[in-house]
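In my numbering, the protein residues as written are 52 to 740. Glycine residues also receive a C-beta, built at the ideal position from the N, C-alpha and C atoms. Computed from a predicted model, the values in this text were never measured in an experiment. Below is one structure; the comments refer to it alone.
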Amino acid sequence: GNWQNFGAELPQTSGAPTSNFCNGPAEPVNETLNIAGFSASQLSNFRYRIFYDDNGSYGWGVCFNSPTLRSETPPACPNITDLSVSFISSDGAYVYWAPGDVETSWEIVVQSPGTGVPSGSGTATTTNNPHVLSGLTQGTSYEVYVRGFCGGTDYSNWIGPVNFTTLIPSRVDFSLQAMGISGYDLTVVDMNGDHLDDIVSVSSTNVNIHYQLSTGGFDEVNISTSNANFLPGWSMAAADFNKDGFTDLLYGSGSGVTFMKSDGTGTGFTEISGSEYVFSQRSNFVDINQDGHLDAFVCHDVAPNVFYMNDGNGNLTFNQGGLGDYASGGNYGSIWIDYDNDRDMDMFIAKCGGETARRTNQMLTNNGDGTYTENALDLGLADPMQTWSSTWGDYDNDGDMDVFVGASSGTHKLMRNNGDGTFTNVTSGAGVSGAPNGHENVSYDIDNDGYLDILCNGMILYGRGDLTFEDGDDTQINYKNGSFGDLNNDGFIDAYYNGFIYWNLTTNNNWIKINTVGTASNIDGIGARVEIYTDSGVQIRDVRSGEGFEFMSSLNTHFGIGSDTSVDYIVIYWPNSPCEVFMNPGINQTFTAVEGSGDASCDTLGVDDESLASDFLLSPNPTKNVLHITTGLPLENAFYNIYDISGRRVMTSSLNNSKSIDVSQLSAGNYIISIVSDNTIRNQKFIKQ
52 GNWQNFGAEL PQTSGAPTSN FCNGPAEPVN ETLNIAGFSA SQLSNFRYRI FYDDNGSYGW
112 GVCFNSPTLR SETPPACPNI TDLSVSFISS DGAYVYWAPG DVETSWEIVV QSPGTGVPSG
172 SGTATTTNNP HVLSGLTQGT SYEVYVRGFC GGTDYSNWIG PVNFTTLIPS RVDFSLQAMG
232 ISGYDLTVVD MNGDHLDDIV SVSSTNVNIH YQLSTGGFDE VNISTSNANF LPGWSMAAAD
292 FNKDGFTDLL YGSGSGVTFM KSDGTGTGFT EISGSEYVFS QRSNFVDINQ DGHLDAFVCH
352 DVAPNVFYMN DGNGNLTFNQ GGLGDYASGG NYGSIWIDYD NDRDMDMFIA KCGGETARRT
412 NQMLTNNGDG TYTENALDLG LADPMQTWSS TWGDYDNDGD MDVFVGASSG THKLMRNNGD
472 GTFTNVTSGA GVSGAPNGHE NVSYDIDNDG YLDILCNGMI LYGRGDLTFE DGDDTQINYK
532 NGSFGDLNND GFIDAYYNGF IYWNLTTNNN WIKINTVGTA SNIDGIGARV EIYTDSGVQI
592 RDVRSGEGFE FMSSLNTHFG IGSDTSVDYI VIYWPNSPCE VFMNPGINQT FTAVEGSGDA
652 SCDTLGVDDE SLASDFLLSP NPTKNVLHIT TGLPLENAFY NIYDISGRRV MTSSLNNSKS
712 IDVSQLSAGN YIISIVSDNT IRNQKFIKQ
């Protein structure tokens, strides 16, 4: 504030006590008044007094010995004020400060944090509003100091530090487009069977669909419905469960579940709501009993989970119990995956809230006969954490599903699938710990480089293909993630949330989209395992309805392939028919795989001695470490799968002309190896010692 003149010196107080009421040793007090910024008029006739305020208490005074006054001559060059840094980029920033009265220029020092007050000179500048820094290193922390120069050898004090960190440039930029959509707009999925992702929003008596056009843009259609007893306040799922070629919807409410079943024309829905109380969380469509018909599953927050079995005619029957039975629920994020490569869908449940047992995550492993066994503890996945969702993907491209369990509070967890029915915690050093807490976790290859990325509560963690992640970017999509799909059919994953499309502005990387059309299996191919083989190796996806916590995303499988210029094969393990190979699909386009129309079968179940190839030999057999292949087949673009005797795939990779396969990590036992080369498949048995 302004200089305060306290007036004339006060005389001694009349009637002051003559006794010493300040007993005990003195307690020295050292106070400093910085007068460096005072003007000459303020410093003229400078004086001080000691003031005591007893706040109207007992009227006591204060005892002190003669105070000592010491002064230091301030610099004639005044200090700058209001030093700040803003508009920080990946390689620069703007530095601002308010000058003193008489500087002719300034000096600035930018250095590593903690270096301290500069001892020498800085970089001279005559600009302060702003001073532009450039040439900095991305993702690096700095501190900045500034001092004024008033001519000759006259400098002000160094003022600082102000700390800042340069940004990491976005791997992929997104742009926003407002769509003017309201209601429960939680879904991006193909609604009319053209395999183009549409945007769906619902209300009590309406389904609003923005149909994606093949020529670009959208056609908005409103379909009136009977009043929905329950609305999707907690989640939505979508699939064609009545197999009429049009997508049906599930609304997960805090009080119950409503289905909107399409009428076979694409112009109407039949509303179906049960009377059962269900505090819905994540919902899914999946073929629970592997009869070729899609059933529905809904996590229950306060009771055992519920599911709806399909009779094959699109009629659903309510069931409760057998798929997550903790009495008080705690079931938040269900996701159906084939974690053990045995060609059926298992279910992982992310749990939250209450006592330890209630919030311990569960794995329901499919026994292949319509029953499930909870075995998360055996797998190393029974964590008592607070989580609303997990996301599964092959983050190291070794042919099996790994998992990122996202915490709503506390610490995230990244687990590597060891391929033997166990998982290893690889969180430390993986680059995922700094992702924000929240509810939504999904996996897509956002930049199409061939490595899956994790989208965790609005932050994109870019995968490196080795279970580590980098370049975390929380500036591109909403913190709620939203729904995902390819909304302009350009081969890159876009996002949609709360009335806005987040357009992926793409990279130069190549891609392929694969649509699965079931015949013996459900029409959407949900539960199918889709694999592609390129020069870089193998990538895998499971077809799933309902990922993350709340939203419904595309049923099309999407692969980035980086700089690879071809896909050698697509391999699909259908839920209800033999594995198929589709040869030489084109890239940077969509491939529709119809069950039963593949170029070759890759199924090894039921392989007998008569079906083994005489022109495909292995040595040594039995083997401890390495199998050597003798065959006349061309191996340049060939790949292999190894199965145990139950038909569970335990290894897969491209051969790339190699005639040796390291099998040292396999457990001792009997196996079948299947090699696919062009349109030819060869099977052979071997023993691992």
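Going by DSSP in three states, residue i sits in which element: helix, strand or coil?
i    : result
L428 : helix
V632 : strand
K710 : coil
T442 : strand
G52  : Confidence at G52 is low in this model, with a pLDDT of 43, below 50, so the placement of that residue should be treated as unreliable; the coordinate-derived value is given next. The answer is coil: DSSP assigns G52 none of H, G, I, E or B.
Y742 : The structure shown does not extend to residue 742, since the chain spans only 52 to 740, so no value can be given for it.
I724 : strand
G657 : Legend: pLDDT at G657 = 48, less than 50; position of this residue unreliable, value from coordinates given subsequently. DSSP places G657 in coil when its eight states are reduced to three.
I638 : coil
N607 : coil
Q735 : strand
H182 : strand
P164 : coil
K312 : strand
E582 : strand
N627 : coil
I693 : strand
F399 : strand
S221 : coil
M510 : strand
Taking all protein chains shown into account, decide if residue i is buried (16 or more other Cβ within 10 angstroms of its Cβ) or exposed.
i    : result
E661 : Confidence is the limiting factor: at E661 the pLDDT is only 48, short of 50, which leaves the residue's position unreliable and the question unanswerable from this model.
F520 : buried
D362 : exposed
F667 : buried
S275 : exposed
N635 : exposed
E25  : With the chain running from 52 to 740 in the structure shown, residue 25 is simply not present.
G489 : buried
S170 : exposed
G457 : buried
A644 : buried
P626 : buried
I323 : buried
Y328 : exposed
Q341 : buried
V677 : exposed
S728 : buried
On the premise that residue j lies in contact with residue i, defined as a C-beta separation below 8 angstroms, what is that separation, rounded to the nearest angstrom?
i    : j    : result
K675 : Q735 : Their Cβ separation, rounded to whole angstroms, is 17 angstroms, which puts K675 and Q735 out of contact at 8 angstroms.
I680 : Y722 : 14 angstroms between Cβ atoms; not a contact.
S753 : R198 : Residue numbering for the chain in the displayed model covers 52 to 740; residue 753 lies beyond these limits and cannot be assessed.
V337 : S596 : 7 angstroms
V589 : I565 : The pair is not a contact, with the Cβ atoms about 14 angstroms apart (cut-off 8 angstroms).
S534 : T298 : In fact, because the Cβ distance is near 14 angstroms, the residues do not count as touching under 8 angstroms.
G578 : V594 : 6 angstroms
W439 : F602 : No, W439 and F602 are not in contact; Cβ-Cβ is about 12 angstroms, not under 8 angstroms.
I591 : I638 : Actually they are not in contact, since the Cβ atoms of I591 and I638 sit about 18 angstroms apart, beyond 8 angstroms.
G509 : Y495 : Actually they do not touch by this definition, with Cβ atoms about 14 angstroms apart.
I732 : C653 : 6 angstroms
G698 : R394 : 7 angstroms
Nearest chain D C-beta to residue i closer than 9 angstroms, yes or no?
i    : result
Q228 : Going by chain labels, chain D is absent from the structure shown, which holds only one protein chain.
Over what stretch of residues does the beta strand (DSSP E) that includes residue i continue unbroken?
i    : result
F320 : 320-324
I339 : Here I339 belongs to no beta strand (DSSP E), and DSSP marks it neither H nor E.
C350 : 346-351
N208 : No beta strand (DSSP E) holds N208; DSSP gives it neither H nor E.
Q371 : 367-371
T681 : 677-682
E194 : 192-200
N382 : 382-388
Meets three-Cβ-pair contact criterion under 8 angstroms: the region 445-465 and the region 687-706:
Per the Cβ contact rule, the region 445-465 is in contact with the region 687-706 (3 or more Cβ pairs under 8 angstroms).
Using 8 angstroms as the cut-off, can you tell me whether the region 332-343 makes contact with the region 383-392, which would need three or more C-beta pairs spanning the two stretches below that distance?
Pairwise C-beta distances place the region 332-343 in contact with the region 383-392, as three or more of them are shorter than 8 angstroms.
When the Cβ atoms of the region 475-484 are set against those of the region 454-465, are three or more pairs found closer than 8 angstroms?
Taking 8 angstroms as the limit for Cβ pairs, the verdict is that the region 454-465 does touch the region 475-484.
At a cut of 8 angstroms, does the region 176-194 reach the region 134-152 through at least three beta carbon pairs?
Enough Cβ pairs lie closer than 8 angstroms, so yes.
Pair every Cβ in the region 520-532 with every Cβ in the region 204-222, then say whether three or more of these pairs are closer than 8 angstroms.
The region 520-532 vs the region 204-222: in contact.
Should the region 611-620 be regarded as contacting the region 500-509, the criterion being three or more beta carbon pairs within less than 8 angstroms?
Two segments are said to touch when three or more pairs of C-beta atoms, one from each, lie closer than 8 angstroms; by this definition the region 611-620 touches the region 500-509.
Is there contact between the region 262-273 and the region 286-294, where contact requires at least three CB pairs shorter than 8 angstroms?
For the pair of segments examined, the region 262-273 was found not to touch the region 286-294: the number of CB pairs separated by less than 8 angstroms stays below three.
Determine contact between the region 538-551 and the region 228-246, defined as no fewer than three beta-carbon pairs at a distance below 8 angstroms.
Between the region 538-551 and the region 228-246 there are three or more inter-stretch CB-CB distances shorter than 8 angstroms, so the stretches are counted as touching.
Any chance the region 397-412 sits against the region 420-436, with 3 or more Cβ pairs inside 8 angstroms?
Contact between the region 397-412 and the region 420-436 is present, with at least three C-beta pairs closer than 8 angstroms.
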